[in-house]
Each structure stands twice: as structure tokens, then as C-alpha cells.
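Colleague:
Protein chains: 2
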Amino acid sequence: MLDYDQLSALAAILRTGSFEKAARQLGLTSSAISQRIKALEERVGAVLVVRGQPCQPTPAGQRLFRHAEEVALLEAGLGRDLGAFADMARTPSLRLAVNADSLATWFVPAMAAVDAFLYDLVLDDQDHSADWLRRGEVRAAVSSSSQPVQGCDCRYLGRLRYFATASPAFMERWFPDGVTPERLAIAPTLTFNAKDMLQSRWLALVAGADLSPPTHWLPSSHGFVDGTLAGLGWGMNPEILVGDAVADGRLVVLLPGHPLDVPLYWHWSRSAGPALKSLTEAVLAAARQVLVQDLP
Amino acid sequence: MLDYDQLSALAAILRTGSFEKAARQLGLTSSAISQRIKALEERVGAVLVVRGQPCQPTPAGQRLFRHAEEVALLEAGLGRDLGAFADMARTPSLRLAVNADSLATWFVPAMAAVDAFLYDLVLDDQDHSADWLRRGEVRAAVSSSSQPVQGCDCRYLGRLRYFATASPAFMERWFPDGVTPERLAIAPTLTFNAKDMLQSRWLALVAGADLSPPTHWLPSSHGFVDGTLAGLGWGMNPEILVGDAVADGRLVVLLPGHPLDVPLYWHWSRSAGPALKSLTEAVLAAARQVLVQDLP
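Listed in order, the protein sequences are those of chains A and B. Just so we're aligned, residue 0 is where the first sequence starts under numbering that gives the first Met the number 0, counting upward by one. Just so we're aligned, residue 0 is where the second sequence starts under numbering that gives the first Met the number 0, counting upward by one.
1) Roughly how many angstroms lie between the CA atoms of residue 182 of chain B and residue 103 of chain A, to the nearest whole one?
2) Runs of 4 residues minimum, wholly inside the segment 167 to 227 of chain A: which ones carry the alpha helix (DSSP H) assignment?
3) Please list, in chain order, the chain A residues whose beta carbon lies closer than 9 Å to that of residue 91 of chain B.
4) When DSSP labels each residue in this structure, what does residue 47 of chain A get in the three-state scheme?
5) Do you know how far the Cα of residue 22 of chain B is from the Cα of residue 29 of chain B?
6) Helix, strand or coil for residue 162 of chain A per DSSP?
7) Hey, residue 73 of chain B and residue 284 of chain B: beta-carbon distance below 9 Å or not?
8) Counting beta carbon pairs with one atom in the segment 139 to 152 of chain B and one in the segment 204 to 214 of chain B, are three or more of them shorter than 8 Å?
9) Based on the DSSP output, what are the partners of residue 233 of chain A in its beta bridges?
10) Can you find the residues in the same chain that come closer than 6 Å, C-beta to C-beta, to residue 126 of chain A, ignoring five residues on each side of it along the sequence?
11) Note down, in chain order, each residue of its chain lying with its Cβ closer than 6 Å to the Cβ of residue 230 of chain A, except the 5 sequence neighbours on either side.
12) Contact check, residue 216 of chain A vs residue 190 of chain A under 8 Å by CB: the rounded distance?
13) When the Cα atoms are used, what is the spatial distance from residue 288 of chain B to residue 153 of chain B?
14) Just checking, does the segment 45 to 55 of chain B make contact with the segment 7 to 22 of chain B on the three C-beta pairs under 8 Å criterion?
15) Going by other Cβ atoms of all chains shown within 10 Å of its Cβ, with 16 needed for buried, is residue 87 of chain A buried or exposed?
16) If you draw a straight line from the alpha carbon of residue 180 of chain A to that of residue 186 of chain A, how long is it in whole angstroms?
17) Given that residue 118 of chain A touches chain B, what residues does it touch there, using C-beta distances under 9 Å?
18) By Cβ distance, which residues of its chain are closer than 6 Å to residue 160 of chain A, with the 5 residues on each side in sequence left out?
19) Tell me the residue span of the beta strand (DSSP E) that contains residue 259 of chain A.
20) To the nearest whole angstrom, what separates the beta carbons of residue 197 of chain B and residue 235 of chain B, a pair I think is in contact under 8 Å?
21) Which of the three DSSP states, helix, strand or coil, is assigned to residue 113 of chain A?
22) By Cβ distance, which residues of its chain are closer than 7 Å to residue 40 of chain B, with the 5 residues on each side in sequence left out?
23) Count the other CB atoms within 10 Å of the CB of residue 83 of chain A; is the residue buried (16 or more) or exposed (fewer)?
24) Suppose contacts are defined by Cβ-Cβ distances below 9 Å. Is residue 95 of chain A in contact with residue 68 of chain A by that definition?
25) By the criterion of Cβ-Cβ separation under 7 Å, what are the contact partners of residue 24 of chain B in chain A?
26) What residues of chain B sit near residue 53 of chain A, judged by a beta carbon separation below 7 Å?
27) Would you kindly report the start and end of the unbroken beta strand (DSSP E) that includes residue 95 of chain A?
28) Assign residue 240 of chain B to buried or exposed, taking buried as 16 or more other Cβ atoms, counted over all protein chains shown, within 10 Å of its Cβ.
29) Just to confirm, is the Cβ distance from residue 199 of chain B to residue 219 of chain A under 9 Å?
30) Determine whether the Cβ of residue 220 of chain B lies closer than 9 Å to any Cβ atom of chain A.
31) So what's residue 138 of chain B in DSSP terms, helix, strand or just coil?
32) Can you pull the chain A residues whose beta carbon is under 7 Å from the beta carbon of residue 15 of chain B, in chain order?
33) Spatial neighbours of residue 24 of chain B within its chain, please: C-beta separation below 7 Å, excluding the five flanking residues on both sides.
34) Between residue 250 of chain A and residue 227 of chain A, which are expected to be in contact by the criterion C-beta below 8 Å, what is the C-beta distance as a whole number of angstroms?
35) Label residue 0 of chain B either buried or exposed according to how many other C-beta atoms from any shown protein chain fall within 10 Å of its C-beta, with 16 as the threshold for buried.
Written out as C-alpha cells, the structure is:
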């Protein structure tokens, strides 16, 4: 079998991005960490880490990182079944891919309900988060895709409801005579990043045309809300994040009859299934509190 | 001179990440965009774009992208001086590097005060945001570094004050007998990402030792606050984001006499200076509202 002290060293380097930080985290010297990686590379017959700021895994290093996490999860299950309680320092890390708006609206309570893990969150767009699972770089993902991932199970979570919103001053300046396709074509909008299709999807739905208004780029869920409140542009914001601001008039809904619902699914690696059972239950419970529950 | 329609096509591709989205944004067909890039690559004698998801610039493409943005900024100044008012569709894009906690606390009002730009925000750690400016990939940056960047001017903004905070339940579980180095070594903490040194810096200050407690990784300013409120771990949170929660007892300050202050500086490219004058004023004014102003 492999040397798991060596694998732990590899995982710590890839998680912290450097040999020095990994050494500190494991209570070792940098040279001890280097020796472990060198020995593991010789054992496997491949380079595992590309040194840099941060250090990056080679494909072989990525595959071993995944293996180290899977084994740590299995060991945690063993500890539970045998009645042995691991101290927090040995709590396994669990890498998850979550979309930023889920983190901003409903996901934190699910994590907090299960203290069996140290969470290692990767943020990506809901249309792309399942790719992390497909590539084996995370153990579970919140995704808008219902398409099964090989070796993974999937549960429907509900729909995150978005409304196109803007400040009253912005409405007055850009939509003085109502929200028309002509004005939607020129009023500045907000876009989270190049993967964010919500604004263009909503525009296609309500304007029936392929509009590309000028846009600001603002890669933060709360920054998006703050930018909308400040009048930078209109943007698709989760109803739960802007409900209060809409109720007290700080924000206006562009077309109240036209929300955009994004279905979300919880995908998890079957090999990690037993270890993830309580987290899956917590994720479903937290989603039920916030997401719209009828099927799309 | 270069063909600026070709340069606009390049900038749109690198901003949106794809030929198709760039075509839509400029109201062109995909094949027209491809032809422009091909012509520009022939003119320059170098490949400019590596196709992919998203499309990435080559070094030559990156340099031309920067040039296109600089020219757009100069043209905007020309429009102002000649009394011609550009419509919003021709508003120049301005790429800025900002740390996530600045975006979450004080930066949005500065952007909203100046509507001469479409903002294109890059988020990076305050210790690394100036690198974007050094590499010529942004026109200005909010950074913790006072070190001058070549070709750039710099102004001190003030200090963002952080407190180590945790939920009352977390305090009871992990610090029942007070906050001691022994408990700080094992109580789980939060870390934004591998670049985030705030927790370890604070630990070195208060514990006088190089502690590496187990950590969750949570790359979002508000996620960090929510994770702290939910009891996942303790974390360094900006005073302005957690003041209310501390006041009403939902959060506890670990060692009230030991804040951590991060000095922030506004660096901007001198060549973009005239175009950025009003933004620099707005940035200084917004910083004064939130940041601690006495010199460190």
C-alpha cells in the first residue's frame, strides 16, 4: 500500500498552495515535506507537484490528492463505526463545489449542521460546478444540472428564484417610460463573470431577443446586490437576498411577473456516500428552507 | 495605426471569454469576429487568443488588450474635453483589482459615484492585487502594499480593521476557560483561500507562536461572516461587517484588545491618470467613510 504520511503531505501542499504552509500545518520541517513528496514521486514514477505560487498538481498529483481525500473520508467512517472519536485535528477535509449564490443564501447552515468535516469550498457557476465533480476534484457539488455524473448520486434541491432588480434612481434614468426591449438593449447591467448567463437568459425570456447591453463585471453575490442598490446597473438577484430591499423601496423589480428560477441539484460521489449521508440530509433540509420546492 | 475595430473584438473576447459572446456584445456575427482576430494576428505577427473555455490571451494578446483599454480611456477623456457625450454603449471598460473585503465594505459607493466607466472587477487578496497592476492587467488596484508600481501613482486609503470573532456556542465549546495558545492551536478556524494570511498573522501576534489550527476554506467575505455566525470556526472579519452581530451578542470578539489592521493603498496607472481623476477622488472619499484614518 501507499505511504499515507506522504499522501497527507501532498494533500496539504495542494490545499495550502505551498510546501512551507503545508509543513506548518502538519508540524513538520519544509525539508521533511520535500522528502515525502520526492519519495512519493519515486514510488509512483511521476511528477506530482509543479512548484509555483501556488503549487499546482500534475494530473497524477490530482488523482492522488483525490485518493487521499477518499481514504480520509473512509477512515472517518471507520472511526464512527468503531466508536472511536477522532479529535478535530484529524477531521477529514471535504472538498465541495458550490455556486456563489447558494453559499450566499442557504448553504452555510447545511455545513454548520454537520461538524464531521473541515470544509474546503470551491466556488463556481451553477452551470459549471458539476464539472469539478466530473473531473474528480471535489466529492460533491451543488449544480443546476440534473445530468448524472458517472459514479455519483443526485437529488433535486428546489429552485433558487431570481428577480431582475434595480434602484429607483436607475429605473427613473433608464426606464422612465417602462421596461421596454429598446431600453433593455442600452441600460447597463451587471454580470457576475463570463460564465454568468442569468441576465442574458432573462433578457431572452422577456424581450424575446438576443440583447447584449453594456455591462459591469462584479464577481460577488453581495457585491452584486450592493452594486444594484448603488445604481450601477440592473441585475438578477436572488429573491431571498433582496426581498427586504424590495419591500422597503430601496430596490424595484423590473418585471414583477417574470422571475427566473434556477433548479439546483446535489450531486455526490457514491464512494463517499456513507461518509456524506448526514451532510446530504442537512443539505436537503437547508435547501427546503429557502428554495422553491415544486418541480419545474 | 492599428485597426481599432479589431482591437475592440479582441477586448470583447477576452472580457466575455468566448467568440460567440463577444460577437453578440458587438452586434456582429461570429465569423466577422473571427476574421477580425485573424487579421489582427496577421498584422501583429503573433497568435493573440488561445481558444478554450474560456478563451485566454497569449502574452501578445494580453499586451494588446491592455493597449485597447488604455486607448478607450484616452478617448473617453477626449469626449469629455470636446463636450461630446458618449452614449452608454460606448462607455469605456475599466479593469480594477480589488480585495474581496474592500468590495464587501466600502468600494461599491466609490464605483457608483463615477458613471464614466463600465467596471470590470477582478477580486484578489490585498497582498496580491497590486501584482495585477504590475503585470499591466488592470488600470488600478486596492492593495495592502505601499510599494510603488512602475508607471503608477499611489495614495494611502486608511486601515481596514479586523477582529477575530466566533459564535457564543463556538466559544463555549472551544474556549471554555478563555482564549489560550493551547486552545487556539486546536480550535477550527476559517481561511478565505491559500493567499489569506490574516488568521495566521493574528495568531502569531497574540499567541507568539506559529500555530496552524485545522481550517475550513471559505472563499467569500459574507460567507466568512455567515460561517462564523453559524459556528463553523473563528475567523478574522472586518469590524464593519460584524459590528451589529457583536453588539447584539450573535458574535463574540476573541480578544477585544487585539484587532488586526490592514493598511490599504490605491494604486493607479499614470497613463490612465486623467481619466481616473474623479474615480480616485471617489475612492478616497469612500475609504474615509469606513477605514481607520490615522497612520499605522
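The C-beta atom is built at its ideal place from N, Cα and C for all residues, glycine as well.
Modeller: Here's the rundown:
1) 30 Å
2) 167 to 173, 180 to 183 and 197 to 206
3) The premise fails here: residue 91 of chain B is roughly 10 Å from chain A at the closest Cβ pair, so nothing lies under 9 Å.
4) coil
5) 5 Å
6) strand
7) no
8) no
9) A/188
10) 143
11) 166, 168 and 169
12) 6 Å
13) 19 Å
14) yes
15) Note that residue 87 of chain A has pLDDT 40, beneath the 50 cutoff, so the model's placement of it is unreliable and no number is given.
16) 10 Å
17) 215, 216, 217, 226 and 231
18) 238, 258, 260 and 291
19) 259 to 268
20) 4 Å
21) coil
22) 46 and 47
23) With a pLDDT of 49 at residue 83 of chain A, under the threshold of 50, the modelled position of this residue cannot be trusted; read the value that follows with caution. Label assigned to residue 83 of chain A: exposed.
24) no
25) 211
26) 193
27) 92 to 97
28) buried
29) no
30) yes
31) coil
32) 193
33) 11 and 15
34) 6 Å
35) exposed
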